[in-house]
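Here the structure is laid out as structure tokens; the discussion comes afterwards.
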Amino acid sequence: MSTAFDRLGVAETARALRAKQFSSVELVQALLARADAQRSLGAFLSLDAEGALAAARAADAALAAGDAPVLAGVPIAHKDIFVTKDQPSTAGSKMLAGYRSPFDATVVARLKAAGTVTLGKLNCDEFAMGSANENSAYGAVHNPWDTTRVPGGSSGGSAAAVAARLVAAATGTDTGGSIRQPSSFCGITGIKPTYGVCSRYGMIAFASSLDQAGPMARSAEDCALLLSAMSGFDERDATSAERPPQDYHAQMLAARDGASAARPLEGLRIGLPREFFPEALSADVAAAVRGALAELEKLGATLVDVSLPRTELSIPVYYIIAPAEASSNLSRFDGVKFGHRAAEYTDLLDMYKKTRAEGFGPEVKRRIMIGTYVLSHGYYDAYYLQAQKLRRMIADDFQAAFRDCDLIAGPVAPTVAWQLGEQGDPLQAYLADIFTLPASLAGLPGMSVPAGTGAHGMPVGLQLIGNYFDEGRLLHAAHALQQSTDFHTRAPAGI
28 MSTAFDRLGV AETARALRAK QFSSVELVQA LLARADAQRS LGAFLSLDAE
78 GALAAARAAD AALAAGDAPV LAGVPIAHKD IFVTKDQPST AGSKMLAGYR
128 SPFDATVVAR LKAAGTVTLG KLNCDEFAMG SANENSAYGA VHNPWDTTRV
178 PGGSSGGSAA AVAARLVAAA TGTDTGGSIR QPSSFCGITG IKPTYGVCSR
228 YGMIAFASSL DQAGPMARSA EDCALLLSAM SGFDERDATS AERPPQDYHA
278 QMLAARDGAS AARPLEGLRI GLPREFFPEA LSADVAAAVR GALAELEKLG
328 ATLVDVSLPR TELSIPVYYI IAPAEASSNL SRFDGVKFGH RAAEYTDLLD
378 MYKKTRAEGF GPEVKRRIMI GTYVLSHGYY DAYYLQAQKL RRMIADDFQA
428 AFRDCDLIAG PVAPTVAWQL GEQGDPLQAY LADIFTLPAS LAGLPGMSVP
478 AGTGAHGMPV GLQLIGNYFD EGRLLHAAHA LQQSTDFHTR APAGI
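Its first residue numbered 28, the sequence shown is counted upward by one per residue in my numbering.
Laid out in structure tokens, this is it:
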């Protein structure tokens, strides 16, 4: 089924629903049909047609009464790393097959309160571990721009669903680039806010000091509306930042002092780290990123050279810290309390072994083993402690760079999306995170903004990184770019 209204973004949909151009029920019915027709993408793990239609009817009633919340009736879907009450929550793993949570994650609950309608749960790399969405226990996700290619990971199902116009927007999580990289590969907009801006309560944990929720949508305006709804302090999350609620949409629209309509970014300094433009960067990606930077200059921004000298160290640092935290977080999946349990075993230890051998996939097992090793006696000081010291230095490098600029820009990934099954060596996949890991380790906000296409007509994203809690400035710059370009409006052929 193909209609005009089922391809609108969040802001467009919200405005059209308030103008009574169509109903939320009509929209949800159309999108459910589209999702059913596009099952081969592998984006959805489950659909909740009954619940979505009930929520849509409630939204239509609220809109008719004139007391509807800002996002009333807007259809979205959630990465299956967020628990959802009475609906499947698997984290892409056999370990949680059949699990249904008795409560909603805070991010899910807040978006519901804002009026959104949840269509279902989206595929992801198992426990959010991966850069290609090939690690899901329920099958790989395909990139809508070329179904022989990966959509990126771990939020690949979210990115593919938005790019294929199956939903107006989706939630994602970013541990080392898992919102920004799939957004780049699928030609959509995604933002990872400052660590602590969005509650982690009800997010199935991978690496607790790195995991952060964020929205993935068509435009910066869409992301601003969603982030305003889903963020804010949560007393149930010890890592939640104690800050008052923020109106990111208003911050996005705020004009800079001295800026004009023609040059809305007048006075904005954008730093270009030399380490983000190495010789190994694909020429097609470099060309698209440079083109987007030139457009930002036309809009009034000034480009300045900066340095992030420890960029290369972010890969070994991340792949020590993240597996260490994963080995601790995933120890709860032992077959005793919830989740999968082996059918046959001789004693408790045998049950542990068989349950985890059956329930976890290869990548999860690999990271648990790495993490357990670096935390073991005799190796903690040599590896984990040193990685934490380097993490602090990486964060300090950003603060030194921000003395000379307001935002930092560069590519999201060294290449466009690769072919499914192309990267058999996990180390090659780890290297693809080189440009996203530094901001994650520092806890900084980062965005991927569509910047054109590269080889094989595949999308390329421009990465923008801000200082702590500077999401408004990030969104303002991205919005200005999208007001003068049409990259974010382009859809895959046949969509």
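Where is the CB? At the ideal position from N, CA and C, for every residue including glycine.
Just verifying my parser: in three-state terms, what is the DSSP assignment at residue i?
i    : result
R317 : helix
G199 : strand
P350 : helix
G473 : strand
G386 : helix
M156 : coil
L80  : helix
Q446 : strand
T516 : helix
M27  : Nothing can be reported for residue 27, as the shown portion of the chain is limited to 28 through 522.
L35  : coil
T40  : helix
N162 : coil
S255 : helix
L146 : strand
D173 : strand
S29  : For S29, the predicted structure reports a pLDDT of 47, less than 50, and the residue's modelled location is therefore unreliable. A value from the coordinates is still provided. Reduced to three states, the DSSP call for S29 is coil.
I218 : strand
F212 : helix
G398 : helix
H506 : helix
T480 : strand
D550 : Given a span of 28 to 522 for the chain in the structure shown, any question on residue 550 remains unanswerable.
A132 : coil
S73  : strand
G298 : strand
A282 : coil
P343 : helix
Just to check my reading of the structure: residue i and residue j have Cβ atoms closer than 8 Å, yes? What is that Cβ distance to the nearest angstrom?
i    : j    : result
V331 : G285 : The Cβ separation is near 18 Å, so there is no contact.
R283 : E293 : 6 Å
A220 : S246 : What sits at residue 220 in the sequence shown is Pro, not Ala. Contact flag wrong, Cβ pair sits at about 17 Å.
P96  : K112 : At roughly 19 Å, the Cβ-Cβ gap does not stay under 8 Å, so P96 and K112 are not in contact.
P438 : W172 : That pair is no contact at about 18 Å.
F32  : A41  : So it is not a contact: roughly 12 Å between Cβ atoms.
L508 : V476 : 6 Å
With C-beta atoms as the reference, is residue i less than 7 Å away from residue j?
i    : j    : result
A444 : N170 : yes
L417 : V344 : yes
Y275 : A251 : yes
M474 : L454 : no
T463 : G204 : yes
E352 : S235 : yes
V37  : A240 : no
K106 : G199 : yes
M122 : G398 : no
D527 : L295 : Beyond the ends of the chain as shown, which are 28 and 522, falls residue 527; an answer cannot be given.
L90  : A99  : yes
Y228 : D201 : no
M230 : A132 : yes
P178 : F233 : no
N162 : E390 : yes
V110 : A83  : no
A316 : A478 : Looking at the sequence provided, one finds Val at residue 316 rather than Ala. Yes; because the gap between Cβ atoms is below 7 Å, this pair is in contact.
M279 : H483 : no
L80  : V55  : yes
I421 : R359 : no
D423 : V333 : no
R290 : L326 : yes
Closest to residue i by C-alpha separation, out of the options, would be which residue?
i    : options                   : result
S354 : Y372, S163 and I395       : I395
P305 : E339, A319 and R296       : E339
Q208 : M230, S255 and A155       : A155
E153 : Y165, G142, V144 and G125 : Y165
A85  : T198, S73, Y400 and V101  : V101
A440 : K380, T516, S158 and N162 : S158
F425 : L68, K325 and S341        : S341
Y400 : A422, G366 and I348       : I348
G142 : A520, S255 and G119       : S255
P350 : T516, L58 and R393        : R393
P115 : L74, T512, H367 and L320  : L74
Is there a C-beta anywhere in chain B that falls below 7 Å from the one on residue i?
i    : result
E153 : Here there is only one protein chain, and chain B is not present.
Determine, using beta-carbon pairs with one atom in the segment 190-200 and one in the segment 459-468, whether at least three such pairs fall under 8 Å. no
Should the segment 41-53 be called in touch with the segment 176-183, which here means at least 3 C-beta pairs below 8 Å? no
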